[in-house]
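Q:
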Amino acid sequence: MAKDLFLEIGCEEIPAGFVPKAMADMEALMKRELETARIEFGEIVTLGTPRRLVLAVKGMAERQPDAELTAMGPAKSAAYDADGNPTKAAQGFARGQGVDVADLKVVMTPKGEYLAAVKSEIGRDTAELLPEMLPRLIGNIPFKKSMRWADFDVRFARPIHWIVALYGGTVVPFAFGNIESGSASRGHRFMANTTFPVRDLSHYLEECERHFVIPDPEKRKAIIRQEIDRVARQAKGNVLPDEALLEQVSFLVEYPSAVHGTFSPDFLVVPREVLITSMREHQRYFSLVDDQGKLLPGFITINNTLTEDPQVVVKGNERVLRARLSDARFFFDEDHKVKLESRVESLKSVVYQAKLGTSYEKMERFRELAKGLAQRHNPAVVDKAARAATLCKADLVSGMVGEFPEVQGIMGREYALHDGEDAAVANAIAEHYLPTQAGGELPASDIGAFVSLADKTDTICGCFSVGLIPTGSADPYALRRSALGIINIILDKGYREPISGLVKASLQLLAAKATRPVDDVYKDVIEFFRGRFVNLMADRYPSDVVDAVVSVSFDDLVEAAAKIQALAEFRKRDDFAALAGAFKRVGNIVKEGVDTPVATALFQEPAEGALYEAQQQVKKKVDAALSGADYLAALTEIATLKTTVDAFFDKVMVMAEDEKVRQNRLALLTSIARLFGSLADFARLSA
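Just so you know, we're using our numbering here: the sequence shown kicks off at 1343 and counts up by one.
(1) For V1540, is the classification buried or exposed, using 16 other Cβ atoms within 10 angstroms of its Cβ as the cut-off for buried?
(2) What are the partner residues of Q1695, as DSSP defines its beta bridges?
(3) Measure the beta-carbon distance from L1663 to R1626 and round it to whole angstroms, keeping in mind my assumption that it falls under 8 Å.
(4) Under three-state DSSP, which class holds S1893?
(5) Would the stretch 1635-1654 count as touching the stretch 1687-1703 if we require 3 or more Cβ pairs under 8 Å?
(6) Which whole-angstrom value is the C-beta distance of L1899 and I1980, which I expect to be below 8 Å?
(7) So, is K1835 buried or exposed, given that buried needs 16 or more other C-beta atoms within 10 angstroms?
(8) So A1772 and A1731 are supposed to be a Cβ contact under 8 Å. How far apart are they, rounded?
(9) Inspect the beta-carbon positions of M1753 and V1767 and report whether they are closer than 7 Å.
(10) Could you tell me whether the stretch 1458-1466 touches the stretch 1408-1427, where touching means 3 or more Cβ pairs closer than 8 Å?
(11) I'd like the list of long-range same chain contacts for F2024, defined as Cβ closer than 8 Å, with 5 residues on each side in sequence excluded.
(12) With distances taken from CA atoms, which of Y1757, K1697 and Q1850 is nearest K1681?
(13) Could you give the DSSP three-state label for H1545: helix, strand or coil?
(14) Could you tell me the alpha carbon to alpha carbon distance between V1693 and F1708, rounded to whole angstroms?
(15) What are the boundary residues of the alpha helix (DSSP H) that includes T1732?
(16) Can you give the Cα-Cα distance for L1395 and F1605, rounded to whole angstroms?
(17) Cα separation between V1555 and S1668?
(18) Where does H1602 sit, in a helix, a strand or coil, going by DSSP?
(19) Distance check for K1345 and R1380, CA to CA, integer angstroms please.
(20) Indicate whether the contact test is met: 3 or more Cβ pairs, each with one atom in the stretch 1814-1826 and one in the stretch 1851-1864, closer than 8 Å.
(21) Going by C-alpha distance, which of I1464, R1374 and F1628 is nearest E1410?
(22) What number of angstroms, rounded off, separates the C-alpha of A1600 from the C-alpha of A1499?
(23) If we count the other Cβ atoms within 10 Å of its Cβ and call it buried at 16 or more, is K1735 buried or exposed?
(24) Looking only at DSSP bridge pairs, what is W1491 linked to?
(25) Let's see if you can read the secondary structure: which residues bound the alpha helix (DSSP H) around S1815?
(26) Jot down the residue ranges of each uninterrupted alpha helix (DSSP H) in the stretch 1834-1861, minimum 4 residues, whole runs only, in chain order.
(27) Evaluate P1785 with the Cβ neighbour count: other Cβ atoms within 10 Å of its Cβ, from every protein chain shown; 16 or more gives buried, anything less gives exposed.
(28) Anyone know if the C-beta pair for A1285 and V1894 falls short of 7 Å?
(29) Please give the ranges of any beta strand (DSSP E) in the stretch 1635-1700, keeping only runs that are unbroken, at least 3 residues long and fully inside the region.
(30) Just to check my reading of the structure: L1582 and S1629 have Cβ atoms closer than 8 Å, yes? What is that Cβ distance to the nearest angstrom?
(31) I want to know whether the stretch 1448-1456 touches the stretch 1477-1487 - three or more CB-CB distances under 8 Å.
(32) Return the residue from the list A1358, A1903 and R1822 that minimises the CA-CA distance to F1870.
(33) If you scan the stretch 1914-1946 from start to end, which runs of the alpha helix (DSSP H) of 4 or more residues do you find wholly inside it?
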């Protein structure tokens, strides 16, 4: 009979960003534990608040099934000597498995004959396994930062205060540090700081709500959404949509309630981004706007309690926000006293990176790259691109950005407009930081795109030049994000900008700073871009299609993406498998190919001439399709060769005895292989 498992870990307040990942990790860890233990199970549910992590498993089998386990040992040739006596290798393996050498068996594997120890294992009761399994699970939850408390030899995100562990309603007995598992949970720290018994998940959820705790994050989020909409209507405004803030706030509270506060309209002279940032980043407040989207002098904050006197809470929040906005207003007014252009010189004293020099030096490098991009793709804006590049980092030395780093670029735009700079230049200053996250907004203007591409390319090439290369677990300079940003901007704008040329131009500007050989850096950076492009495309198209195209070329990202899209569409054809098989056959025969021209005088079979004529006609149509970037049409034309290729293989012996005839036939097949090889490597496509 199957039973349900319930586990709750109660502790001090866990950082909001830790909880969602911990929930996912708990589910993965539990699934792995149960599968390893051969225990059948049903749905796994995880819940979380700042003070508790919950795991429930439905329908867990009461017992492991019996099993016959096979452990592989050394090869038979190494296990016995010439006289058939067991060697030390066989004896050691038997000893390690707890069996007699005579009980070892010889089994056939793909690699040959090997010794094996076959043992029968009697299944254990699940209730017997859980006291071993659950402490291991709790200790293995991988938090970004964990801590020890008192002198206990355990670690967790925050000190644990209670553990509820039930299997079929019965306590699973174990200890984690100084905490013994039991059946009693606790209510809200402030509104119901008492214990209550737990029978199972459904009973737990009912009791939690009675004790002012909403364990389900999605339910808390829905309540918060309802609350802020209700309060916004009362305040005669609308909530500025902010899903990321909603997600974060939902993991800061156990029982949410909303209140409305205001601030002086005088602060609205400060750019709205600064006001929103002050409320969002520092106070976790939701901003209010009117029906036209104009910022209102108000905010909504989410409390973790139901307050007896909301005005006390409101006044406290208003007082804190007023201090933050007063600082913003002060810096905004002070910054206006110095022109943005005058701040550029100060970048000479700002170290960008110890080995790569100052922010001023970096600006000079990517300004040249931006000018080159503009010259190639929109010559009319070269001067504006250069001006935007010159000014785009100047707000880093402003008082506002020093106090509110999140508004860099935004303040540069505001100060540029205040100083009378061209609006296109000012907007590009803000746009050059885009995108700020995966899938984020991209620069709308060419000028912003050129400066963004240049800045990000300099960052990547600069870091690689001095050995600051991302590892699997560390990317302190966010180079992966920069590379994806470059790729997405190029694809969005349709720039036919070879990555190789952009990288070479950047490395040339970095020559004086590089500590690694330029050829090594170039190869590493190109491979880095290749990896990011492949990952991005593999999220949209089959991985073998992406691999088939990228293995031929990806330097022109726009072209490569279009080829991938065309090949993915072409692959849907009913006869695709047969087509791919024919093309693979050609590729397998010619390998690297033959560079000699085809001589029609050496044809001996009608099938040779037929294939040659078909190839010549198709090549003209394919070249025309490629010149128009119609890659699906090119693939469709190439597909018409299948019948003629099949007939060629049926009628012609490629490896003829006469060397000239043989080489001529290989040259003919090479012309076919190179025709479809200009689009993709069909050998990399799965059937």
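Just so you know, even glycine gets a beta-carbon here, dropped at the ideal spot from N, CA and C.
Note that this is a predicted model, so its numbers are computed, not measured.
A: Checking against the coordinates, here is how it stands:
(1) Looking up residue 1540 in the sequence shown gives position 198. It is buried - the Cβ of V1540 has at least 16 other Cβ atoms within 10 Å.
(2) Counting from 1 along the sequence shown, the entry for residue 1695 is found at position 353. Bridge partners of Q1695: G1699.
(3) Here residue 1663 is taken as the residue at index 321 of the sequence shown, counted from 1. Here residue 1626 is taken as the residue at index 284 of the sequence shown, counted from 1. That pair is no contact at about 11 Å.
(4) The sequence position of residue 1893 within the sequence shown is 551, counting from 1. DSSP places S1893 in coil when its eight states are reduced to three.
(5) no
(6) Position 557 of the sequence shown holds residue 1899. Position 638 of the sequence shown holds residue 1980. No, L1899 and I1980 are not in contact; Cβ-Cβ is about 23 Å, not under 8 Å.
(7) Stepping through the sequence shown from its first residue, residue 1835 is reached at position 493. It counts as buried.
(8) The count along the sequence shown starts at 1 and reaches residue 1772 at position 430. The count along the sequence shown starts at 1 and reaches residue 1731 at position 389. Going by Cβ atoms, the distance from A1772 to A1731 rounds to 13 Å, so no, they are not a contact pair.
(9) Within the sequence shown, numbered from 1, the residue matching residue 1753 stands at position 411. Within the sequence shown, numbered from 1, the residue matching residue 1767 stands at position 425. Taking 7 Å as the Cβ cut-off, M1753 and V1767 do not qualify as a contacting pair.
(10) yes
(11) By 1-based counting over the sequence shown, the position of residue 2024 is 682. Once the five neighbours on either side are set aside, the close Cβ partners of F2024 are A1890, A1922, F1925, K1926, G1929 and F2018.
(12) For the purposes of this step, residue 1681 is taken as residue 339 along the sequence shown, with counting starting at 1. Cα-wise, what sits closest to K1681 is Y1757.
(13) By 1-based counting over the sequence shown, the position of residue 1545 is 203. Three-state DSSP puts H1545 in a helix.
(14) One-based indexing of the sequence shown puts residue 1693 at position 351. One-based indexing of the sequence shown puts residue 1708 at position 366. Rounded to the nearest angstrom, the two C-alpha atoms are 16 Å apart.
(15) Residue 1732 sits at position 390 when you count from the first residue of the sequence shown. Note, T1732: alpha helix (DSSP H), V1724 to L1733.
(16) Translated into the one-based positions of the sequence shown, residue 1395 becomes position 53. Translated into the one-based positions of the sequence shown, residue 1605 becomes position 263. About 37 Å.
(17) Here residue 1555 refers to the residue found at position 213 when the sequence shown is read from its first residue. Here residue 1668 refers to the residue found at position 326 when the sequence shown is read from its first residue. Going by the C-alpha atoms only, they are around 36 Å apart.
(18) Within the sequence shown, residue 1602 is the residue found at index 260, counting from 1. H1602: strand per DSSP, three-state reduction.
(19) As a working note, residue 1380 is residue 38 in the sequence shown. As a working note, residue 1345 is residue 3 in the sequence shown. Straight-line Cα distance between these residues: approximately 15 Å.
(20) no
(21) Residue mapping note: residue 1410 aligns to position 68 of the sequence shown, counting from 1. Closest option to E1410, Cα to Cα, is I1464.
(22) As a working mapping, residue 1600 is identified with position 258 in the sequence shown. As a working mapping, residue 1499 is identified with position 157 in the sequence shown. Approximately 28 Å, taken between the alpha carbons.
(23) Position 393 of the sequence shown, counted from the start, is the residue given in the question as residue 1735. With 16 or more Cβ atoms within 10 Å of its Cβ, K1735 is classed as buried.
(24) Start at 1 with the first residue of the sequence shown, and residue 1491 comes out as number 149. Paired residues: none, contrary to the question.
(25) Sequence index remark: in the sequence shown, residue 1815 carries index 473 (1-based). Taken as a continuous stretch (DSSP letters only), S1815 belongs to no alpha helix (DSSP H), as it is neither H nor E.
(26) 1841-1851
(27) Numbered from its first residue, the sequence shown carries residue 1785 at position 443. Buried, since its Cβ has 16 or more Cβ neighbours within 10 Å.
(28) Coverage of the chain is limited to positions 1343 through 2029, which leaves residue 1285 absent and any answer about it impossible.
(29) 1637-1645 and 1693-1695
(30) For this step, residue 1582 is matched to residue 240 along the sequence shown. For this step, residue 1629 is matched to residue 287 along the sequence shown. Confirmed, Cβ separation roughly 4 Å.
(31) no
(32) Counted from its first residue, the sequence shown places residue 1870 at position 528. Ranking the options by Cα distance to F1870, first place goes to R1822.
(33) 1918-1932
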